[in-house]
């Protein structure tokens, strides 16, 4: 049974009303650092509330969404980016689309490094991830298994 809506649920619902639901269609968000929080709220709401999936899967999804959105905001120079979430039997897929054709690179990270761990986390927490080049940009995506009940 789901509990009463929290403040975060209210914020997520406001974001979904304003931008749309990434589980229904790609939503466009402004390419600003604060959009990472909006994308995280949307992702958590979709995974935990709309899809009714587990807490750990929601946490991992939120973390990886934050990493992909952070990369899109920091490294592409775009005005907006797209977020889309898909669910099919046994899997969820999250996509972040931006207009840059520059490819993300999984780099070795030292113990004392303060950045560069984003794609390492995506690689470790997802079952698959990749980049699809588009005529005008790219889609960076990850997939995670879902235990079907």
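Residue numbers (full-length UniProt numbering): 1 to 149.
Just so you know, even glycine gets a beta-carbon here, dropped at the ideal spot from N, CA and C.
Bear in mind the structure is a predicted one, so any value in this text is a computation, not a measurement.
In the structure shown, residue 41 falls within a helical segment according to DSSP collapsed to helix, strand and coil. Three or more Cβ pairs closer than 8 angstroms define a contact, and the stretch 130-141 meets that threshold against the stretch 96-109. Between the stretch 10-30 and the stretch 78-96, the count of C-beta pairs closer than 8 angstroms reaches three or more; the two stretches touch. Contact between residue 144 and residue 57 holds: their C-beta atoms lie close to 6 angstroms from each other, under 8 angstroms. Residue 76 sits in coil when the DSSP states are folded into three classes, being neither helix nor strand. The Cβ-Cβ distance between residue 41 and residue 12 falls below 8 angstroms.
Secondary structure note for residue 133: its beta strand (DSSP E) is the uninterrupted segment 128-134.
DSSP lists 92 as the beta-bridge partner residues of residue 144. Sixteen is the threshold: since fewer than 16 other Cβ atoms of the shown chains lie within 10 Å of the Cβ of residue 77, the residue is exposed.
Non-local C-beta neighbours of residue 99 in its own chain, meaning closer than 8 angstroms and more than five positions away in sequence, comprise 76, 78, 136, 137, ordered along the chain. For the pair residue 139 and residue 93, the Cα-to-Cα distance works out to about 12 angstroms. Within the model, the alpha-carbon separation for residue 125 versus residue 60 is close to 7 angstroms. Residue range 118-125 is occupied by the alpha helix (DSSP H) that includes residue 122.
Taken atom to atom, the span from the alpha-carbon of residue 119 to that of residue 74 is near 14 angstroms.
With a beta-carbon spacing of about 6 angstroms, residue 53 and residue 146 fall inside the 8 angstroms limit used to define contacts.
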